[in-house]
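Down below is the structure, laid out as structure tokens.
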Amino acid sequence: EAGVAQSPRYKIIEKRQSVAFWCNPISGHATLYWYQQILGQGPKLLIQFQNNGVVDDSQLPKDRFSAERLKGVDSTLKIQPAKLEDSAVYLCASSPWLADGNTEAFFGQGTRLTVV
Amino acid sequence: DQQVKQNSPSLSVQEGRISILNCDYTNSMFDYFLWYKKYPAEGPTFLISISSIKDKNEDGRFTVFLNKSAKHLSLHIVPSQPGDSAVYFCAASGANSKLTFGKGITLSVRP
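Protein chains in written order, with my numbering: chain Y, 59 to 174; chain D, 3 to 113.
See below:
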């Protein structure tokens, strides 16, 4: 079974530029997550999709971050314009949908973003 | 507001001994708890989980204990091996499958 695919693996941009990350979840997984992990901290949820609908985006900085999951499969996360504090690893994860919510999420390798 | 807390940033143990990693949570709506392991330059990988209706779950060398009244869980690794050296994240979720992570603890197993 193929895992969660993310691209690119690394990205370096200047502040105020824009950047986009792509994620292809495990086939059949209804739930897709984007997490931001700053060095020395745990992953922080940015947005959670259930199929192509947003379940939670309460911690997404909506003035500069956007995400979409058209057709309920792959997803893109965009930052425009980037700030220095956006330097982090961006992790995509997916999980199957279960009624009781008790399921583990499977993570991709992440995209390391450096804003200079 | 940190809902999942891993207060110790690091732990060092001798190979063959027990590793005990601790985690506390504050949100009483959490009903499912997970441990993830992360190597450098890789994404977190699922290790073991426990539902709130249980107080113990075992999988080989890994055992997770849950104390709901204390809002505390722990991961025991016995015996510890050098390949277990990694960052371990505690995570918790409620009804909507939203995973909230702690800051992680770096485990070093000395040969």
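Note that the Cβ used here is the ideal one computed from N, Cα and C, for glycine as well.
These figures come from a predicted structure and were not determined experimentally.
Candidates the options: which alpha carbon is nearest residue i's?
i, options, result
"D:Gln-83", "D:Pro-11, D:Gln-5, D:Gln-16, D:Asn-9", "D:Gln-16"
"Y:Lys-69", "Y:Ala-60, Y:Val-62, Y:Trp-80, Y:Gly-61", "Y:Trp-80"
"D:Ala-94", "D:Phe-67, D:Leu-77, D:Glu-60, D:Ser-51", "D:Ser-51"
"D:Ser-30", "D:Gly-62, D:Asp-86, D:Lys-40, D:Leu-68", "D:Leu-68"
"Y:Pro-101", "Y:Asp-132, Y:Gln-117, Y:Ser-65, Y:Trp-155", "Y:Gln-117"
"Y:Val-226", "Y:Val-77, Y:Gly-166, Y:Gly-86, Y:Gly-98", "An answer regarding residue 226 of chain Y cannot be provided, because it is not within the stretch 59 to 174 covered by chain Y."
"Y:Leu-149", "Y:Gln-75, Y:Lys-73, Y:Leu-97", "Y:Leu-97"
"Y:Val-28", "D:Gly-104, D:Lys-105, D:Ser-99", "Examination of residue 28 of chain Y is not possible in this model, given that chain Y is present from 59 through 174 alone."
"D:Gly-1", "D:Thr-102, D:Glu-44, D:Asp-86", "Summary: the structure shown does not reach residue 1 of chain D, with chain D confined to residues 3 through 113, and so no result is reported for it."
Can you give me the C-alpha to C-alpha distance between residue i and residue j, rounded to a whole angstrom?
i, j, result
"D:Phe-32", "D:Gln-5", "10 angstroms"
"D:Ser-53", "Y:Asn-160", "8 angstroms"
"D:Ile-20", "D:Arg-112", "12 angstroms"
"Y:Glu-126", "D:Leu-13", "39 angstroms"
"D:Thr-47", "Y:Gly-61", "11 angstroms"
"Y:Tyr-93", "D:Leu-75", "23 angstroms"
"D:Asn-59", "D:Ala-88", "21 angstroms"
If you count every other CB in all the chains shown that lies within 10 Å of the CB of residue i, and 16 or more means buried, which is it?
i, result
"D:Thr-28", "exposed"
"D:Trp-37", "buried"
"D:Lys-39", "buried"
"Y:Leu-156", "exposed"
"D:Tyr-90", "buried"
"Y:Pro-66", "exposed"
"D:Pro-11", "exposed"
"Y:Pro-83", "buried"
"Y:Gln-95", "buried"
Strictly below 9 angstroms CB to CB, what residues from chain B border residue i?
i, result
"D:Leu-101", "The structure shown contains no chain B; the protein chains it does contain are Y and D."
What is the C-beta distance between residue i and residue j, in whole angstroms, given that I count them as a contact (C-beta under 8 angstroms)?
i, j, result
"Y:Ser-145", "Y:Ala-163", "That pair is no contact at about 23 angstroms."
"Y:Ser-124", "Y:Lys-136", "5 angstroms"
"Y:Lys-108", "Y:Thr-89", "Here the sequence assigns Gln to residue 108 of chain Y, which means Lys is not the residue at that position. Contact flag correct, Cβ pair sits at about 6 angstroms."
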